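What follows is a single structure, written as structure tokens, with notes after it.
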Amino acid sequence: DTEVTQTPKHLVMGMTNKKSLKCEQHMGHRAMYWYKQKAKKPPELMFVYSYEKLSINESVPSRFSPECPNSSLLNLHLHALQPEDSALYLCASSQDGTNAWEQYFGPGTRLTVT
Amino acid sequence: GQSLEQPSEVTAVEGAIVQINCTYQTSGFYGLSWYQQHDGGAPTFLSYNALDGLEETGRFSSFLSRSDSYGYLLLQELQMKDSASYFCAVRDSGGSSYKLIFGSGTRLLVRP
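If you read the sequences in order, they're chains A and B.
When we follow our numbering, the leftmost residue of the first sequence carries the number 104, and every step to the right adds one.
When we follow our numbering, the leftmost residue of the second sequence carries the number 26, and every step to the right adds one.
This is how it looks when you write it as structure tokens:
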């Protein structure tokens, strides 16, 4: 199974809402990633978890809060977002951080902040 | 820092061969990856070259020249479904080696 799943597929939220994005993989991968992607741009790394520990935070605003409850799950908690945060949020995984060159991406959550 | 350059758009005819180039500048280098992304879809891993030479996977091949800091993705027998964006990527050679740095992407349009 080389699938990464993400829920929800679409999310519309107001600037005062709190919501969470979920990501799951069952490939036994030990590195998981959150990316933000704007239209016609490459994915932009937000966070990396390696062996359930946060390894990289790319100076992401605190209104984005990642969580890795176990080796298969990755969450992204959203609070007080801004309209410019509207984007496709992609989750990915790799065997471990040293295999970051081969990542498996989920289908993404299309987020709209109103 | 690191940077990757690739053409923004390439157009080709169905059945033809197209080459998408990528040049990179990094202080350290582990290898070059390629990803495909259809509109509205997720990036899909295509290939990885750590050593010089050509790697072939079906209709797709990827080439690397470390001395020239250059690589390319070669797509043969183009099909309409190959219309997508293609990203080259390198691992960060600085402190964040778990980080993948993507080029800006090449949008390939395959015409009938």
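Don't be surprised by glycine CBs; every beta carbon is placed ideally from N, CA and C.
In this text the structure is predicted, and so the values were computed from the model without any measurement.
If you reduce the DSSP assignment to three classes, tell me which class residue i lands in.
i, result
"G78(B)", "strand"
"P172(A)", "strand"
"K106(B)", "helix"
"Y111(B)", "strand"
"R133(A)", "coil"
Strictly below 7 Å CB to CB, what residues from chain A border residue i?
i, result
"P137(B)", "The contacting residues do not exist; P137(B) stays about 24 Å from chain A at best."
"Y123(B)", "A134, V151, S153, S158, I159, G200, A203"
When DSSP builds the beta bridges, which residues end up paired with residue i?
i, result
"T201(A)", "According to DSSP, T201(A) bridges with nothing at all."
"F167(A)", "L181(A)"
"F54(B)", "Its beta-bridge partners do not exist; DSSP assigns none."
"Q206(A)", "Partner(s): none; Q206(A) has no beta bridge."
"M149(A)", "Partner(s): none; M149(A) has no beta bridge."
"R213(A)", "H113(A), L191(A)"
"L89(B)", "G78(B), G96(B)"
Does the distance from the C-beta atom of residue i to that of residue j stay below 8 Å?
i, j, result
"N175(A)", "Q128(A)", "Here residue 175(A) turns out to be Ser, not Asn, going by the sequence shown. Their beta carbons are under 8 Å apart, which means S175(A) touches Q128(A) by this criterion."
"T217(A)", "V115(A)", "yes"
"Q104(B)", "E34(B)", "no"
"F85(B)", "L71(B)", "yes"
"D199(A)", "R133(A)", "yes"
"F208(A)", "L191(A)", "no"
Start and end of the beta strand (DSSP E) containing residue i?
i, result
"H113(A)", "113-116"
"G96(B)", "95-100"
"K143(A)", "Counting along the chain, K143(A) falls outside any beta strand (DSSP E), and DSSP gives it neither H nor E."
"I42(B)", "I42(B) -> no beta strand (DSSP E), and no H or E assigned at all."
"E34(B)", "34-38"
"S123(A)", "121-128"
"E187(A)", "Taken as a continuous stretch (DSSP letters only), E187(A) belongs to no beta strand (DSSP E), as it is neither H nor E."
"F30(B)", "It is Glu, not Phe, that sits at residue 30(B) in the sequence shown. Residues 28-30."
"K124(B)", "Counting along the chain, K124(B) falls outside any beta strand (DSSP E), and DSSP gives it neither H nor E."
Closer than 7 Å by beta-carbon distance: list the chain B residues that pair up with residue i, in chain order.
i, result
"P145(A)", "F112, F127, G128, S129, G130"
"F167(A)", "Ordered by position in chain B, no residue passes the 7 Å Cβ test against F167(A), which lies about 17 Å from the chain."
Whose Cβ in chain A lies nearer than 8 Å to the Cβ of residue i?
i, result
"S58(B)", "W204, E205"
"F147(B)", "No answer is possible for residue 147(B): the residues shown for chain B start at 26 and end at 137."
Give the residues of chain B in contact with residue i, contact being defined as C-beta atoms less than 8 Å apart.
i, result
"L184(A)", "Per Cβ cutoff of 8 Å: no residues; L184(A) is ~22 Å from chain B at best."
"P210(A)", "G66, A67"
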